[in-house]
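Numbering (this note's numbering), first residue to last: 7 to 116.
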């Protein structure tokens, strides 16, 4: 039974700035699917890049993408996290930023 939702708040830049999608893919692969749900909270990614996030739920059984915010608004990590907490379906949540890469065992230790 899944007990924790890992909330990953993000907004993809209009033009790729770095390896955002590769990092997100690595995070989704490393978080143990038998213990965690992953909720990617897309806070206002421009429509030109939204499709890059759309296939994550089809590639990973434990991943959902929730969209909120508007591309014209400033990115708010706090608002994205709050939205993620509201959308989570587990009794425990944790925040996992896109720049935090760890091994599967680290997540299991949590």
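C-beta: ideal position from N, C-alpha, C; glycine also.
Taking a contact to require three or more Cβ pairs closer than 8 Å, the region 95-104 and the region 13-21 qualify as touching. About 4 Å separates the beta carbons of residue 68 and residue 39, which is inside the 8 Å limit, making them a contact pair. Contact between residue 86 and residue 74 is confirmed by a C-beta separation of about 7 Å, below the 8 Å threshold. For residue 73, the secondary structure class from DSSP, reduced to helix, strand or coil, is strand.
Rounded to whole angstroms, residue 84 and residue 23 show a C-alpha spacing of 22 Å. For residue 78, the closest C-alpha among the options 46, 33 and 51 is that of 51. Beyond the five residues adjoining it in sequence on each side, residue 11 comes within less than 6 Å, by CB distance, of 43, 45, 94, 96 and 99 in the same chain, given in chain order. By the neighbour-count criterion, in which 16 or more other beta carbons inside 10 Å mark a residue as buried, residue 111 falls on the exposed side. Judged by DSSP in its simplified three-state form, residue 62 adopts helix.
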